[in-house]
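Below: the structure, in structure tokens.
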Amino acid sequence: MALSDYLITDDLTIILALVAAGLFLLHNLYKPQALVHPILLGRQSDAARVRNPSESAVYRNYGTGMLGRFPLRPNKDQQVVLDLVKPDADAPRTLWSTKIANPQLKERIANVGAGLTRAVGLVPQESNVLLLLNDSIEFIIADLALSALSVPTFTVASASVLSPVLERHPPSVIITDAEVLPHLLELIFDAHESEHHTIVVVGDINSAKLPKLNNVKILRWDDIETEGAAATKSPLSVPDPNDVYTVSFFATPSGDLEGAQLTHLNLTAGVAATRALLPPSSAMSPLDTIVSAFPLSTPYGRAVAYTALFEGTGFATVDSTKLIKPEGSAAIGLKDLRTSAAYSISSPTLLFIRPDHLDSLTEAITQQASKSSWSLYNFAWRHKLAGIFEGYITKQSLWDRLVFDGARIKVMGKGAGTVRAVIVSGGPLEAQNLTPARIALSVPVINAHSHPLVAGPVFATHALDLQTFPTASPSLSASAADAYAFTYLAPVGPPTVNVEVKLVGVDDAAVEDGGDPIGALHVRGPSVGRPLSVEEETQEEEERGWRSTGERAKVAANGTFKVAPAGKA
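For the sequence shown, position 481 matches number 502 in my numbering, and the numbering has no gaps at all.
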């Protein structure tokens, strides 16, 4: 048989060949490209070339480098906390349910500062004020007014530490909400204190239900602000950035009372680190609206709120940030996240939430998506998962339009189409839950780690790092906490742009053999506050500036960390 006989083709063969070639080209042309080059994800921390015995090397964010300068503030004009309210930004934004521009906000801050000075006689650097307020615009106004007066504030991370704070660190003045006032007066009454208290109350007071205490003077917030508006305001001296601006009290894992002293510099550095959570290509702007699950009474929560203040974005918090929760309303997860809808803010674009919120969102969206068509849902899930394995994620795909968009609308409401990034912190996040969350939300999910001593995040994953790693078997010699954290928890990324970390108590032999360092986590940097329990330090200790977090951590070869939850058995 001649060779030409084997080359005889009909029209069907030609058509099938063209279809096969077209499918091959389409597959390669439309195959998603990674959103960030894998080389950038292979070395996310810069490590010092030398290390001390029983310690790891010192790690910094790769973008900062070992010789880079830490960003101390969002820009050079923000020297103190009040500078975060930029005078040249006059576009209004909504804070909780109050629409206000920076000039009006600064005017209210000045009025409250003048009113407090006249009514209670605050003395700069000597007086102190306990801010016993739920998250609100009044919290921000009081906080900034007192910072301008050089009067340090006290905050409590939860109502459980209020009693020991009043006992050991009695404030000159207390500013509180009307709904918190009865609880506060009960504590004062039960303590049988003879010391006089001045309390400024935000909101309506039902005096009939309040206990009568001779040593308590109650003033109204509205009266303070009105009196300040009518007063002649004299120029104030600008605080030093290194002055202590606030003390945030919290309970340690062992139950002891601790406080983080934060300076103006600590908070402006925390804002700089919070802004850096998003890449420059999708930086925060006045078009954003932030919803946060972290109270302003904590350093991390305040850094998030003041980042919103600096950027001119809308801002609100959820109900779980309240000091005293109403009985029977232990709102967690999706129910808690929906409480932000009570405020008249625009559709949220950035969510700063806890792992329980993320898990609830993922589960609810997945359940809704699977109800449409199980076979179509499985097909869509596989395609979305394949994109993530390629380092690519989008919410504009065909599978989103067919399957996931409707599910997100049913679960998230008006935020389904506007949320563009989710930052998770405040607890351990299971590694197995991260990829499903990215599929369900189809936006960058940043896993961050915060600590009560640090304004802003300590660690944070790259916004476009979609890598997944197989789960390794825990070491037989590892403790229960180490085995749990270093096997099943998601990485929290490298140190943020102005924090450096090291691990203490590492196994030198294991590290020299190429193993991953594991040890007690120590941090330092401009966003790291000073523990109140550290009363005196030698000059050498102060220059070193290392603070123990009470946590254990492990650093991988790519410079990302995993952190064991403090106090976990």
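Built from N, CA and C at the ideal position, the CB exists for glycine as well. If you're wondering where the values come from, they're calculated on a predicted model, not measured in any experiment.
Proximity below 8 Å, CB of residue i to CB of residue j
i: Ala476; j: Ser446; result: no
i: Leu286; j: Ser269; result: no
i: His543; j: Leu62; result: no
i: Gly249; j: Val133; result: yes
i: Ala294; j: Pro145; result: no
i: Asp503; j: Ala585; result: yes
i: Ala131; j: Ala122; result: no
i: Gly436; j: Ser381; result: no
i: Gln389; j: Ala362; result: no
i: Val432; j: Ala385; result: yes
i: Ile158; j: Thr119; result: yes
i: Val57; j: Gly514; result: no
i: Asp593; j: Pro74; result: Residue coverage of the chain in this structure runs from 22 to 590, which leaves residue 593 outside it and unanswerable.
i: Val186; j: Leu206; result: no
i: Ala458; j: Leu379; result: yes
i: Lys575; j: Phe507; result: yes
i: Gly571; j: Arg545; result: no
i: Pro406; j: Val424; result: Residue 406 is actually Leu in this sequence, not Pro. For Leu406 and Val424, no; Cβs fall outside 8 Å.
i: Ala140; j: Leu240; result: yes
i: Asp377; j: Thr360; result: no
i: Leu154; j: Ala163; result: yes
i: Asn399; j: Arg64; result: no
i: Leu485; j: Pro465; result: yes
i: Arg114; j: Gly335; result: yes
i: Val201; j: Ile345; result: yes
Rounded distance between the beta-carbons of residue j and residue i, thought under 8 Å
i: Pro260; j: Ser148; result: So it is not a contact: roughly 14 Å between Cβ atoms.
i: Ala251; j: Ile226; result: With 8 Å as the limit, Ala251 and Ile226 do not qualify as a contact, their Cβ atoms being about 22 Å apart.
i: Arg90; j: Asp67; result: The Cβ separation is near 13 Å, so there is no contact.
i: Leu77; j: Val527; result: Note that residue 77 is Ser in the sequence shown, not Leu. That belief holds up - the Cβ atoms of Ser77 and Val527 are roughly 5 Å apart, short of 8 Å.
i: Asn177; j: Ile196; result: Correcting the residue type first, residue 177 is Val in the shown sequence and not Asn. Going by Cβ atoms, the distance from Val177 to Ile196 rounds to 13 Å, so no, they are not a contact pair.
i: Ile414; j: Leu487; result: 6 Å
i: Val182; j: Leu278; result: 6 Å
i: Ala297; j: Val518; result: 5 Å
i: Tyr324; j: Ile366; result: In the sequence under discussion, the amino acid at residue 324 is Ala, which differs from the Tyr named in the question. Actually they are not in contact, since the Cβ atoms of Ala324 and Ile366 sit about 19 Å apart, beyond 8 Å.
i: Lys583; j: Leu510; result: 6 Å
i: Leu208; j: Ser193; result: With a Cβ gap of about 17 Å, Leu208 and Ser193 do not count as contacting.
i: Gly136; j: Ile245; result: 4 Å
i: Gly291; j: Ser548; result: 4 Å
i: Leu257; j: Ala169; result: 6 Å
i: Leu116; j: Ile60; result: Not quite, the Cβ-Cβ distance comes to about 41 Å (not below 8 Å), so this is no contact.
i: Ala577; j: Pro512; result: 7 Å
i: Pro53; j: Gly408; result: 5 Å
i: Thr342; j: Asp156; result: 5 Å
i: Ile467; j: Ala481; result: 6 Å
i: Pro516; j: Val522; result: 5 Å
i: Met87; j: Ala69; result: 6 Å
Cross-strand partners of residue i (DSSP beta bridge)
i: Glu451; result: Leu510
i: Gln282; result: Val268, Arg551
i: Asn468; result: Val445
i: Thr119; result: Leu116
i: Arg573; result: Ala541, Ala585
i: Thr310; result: Gly335
i: Val625; result: The question about residue 625 has no answer here: the residues shown for the chain are numbered 22 through 590.
i: Leu240; result: Val221
i: Arg480; result: Note that residue 480 corresponds to Phe in the displayed sequence, not to Arg. According to DSSP, Phe480 bridges with His470, Pro516.
i: Arg568; result: Val544
i: Leu524; result: Leu542
i: Val475; result: Val549
Starting from the N-terminal side, write out each stretch of the alpha helix (DSSP H) that is 4 residues or longer and does not extend beyond the stretch 412-461. 426-433
Is the number of C-beta pairs between the stretch 97-106 and the stretch 315-333 that are closer than 8 Å three or more? yes
For the stretch 28-115, which segments carrying the beta strand (DSSP E) assignment without a break, of at least 3 residues, lie completely within its bounds, in sequence order? 66-68, 80-82
Assess contact between the stretch 101-120 and the stretch 534-542, defined as three or more Cβ pairs (one per stretch) separated by less than 8 Å. Is contact present? no
Using 8 Å as the threshold, is the stretch 313-328 in touch with the stretch 357-374, meaning 3 or more CB pairs across them? yes
Restricting to runs no shorter than 4 residues, where is the alpha helix (DSSP H) found entirely within the stretch 320-396? 320-332, 354-358, 376-393
List in chain order: all unbroken beta strand (DSSP E) runs of 3+ residues lying wholly within the stretch 135-216. 150-153, 174-177, 194-198
Does the stretch 317-325 come close enough to the stretch 432-441 that 3 or more CB-CB pairs lie under 8 Å? no
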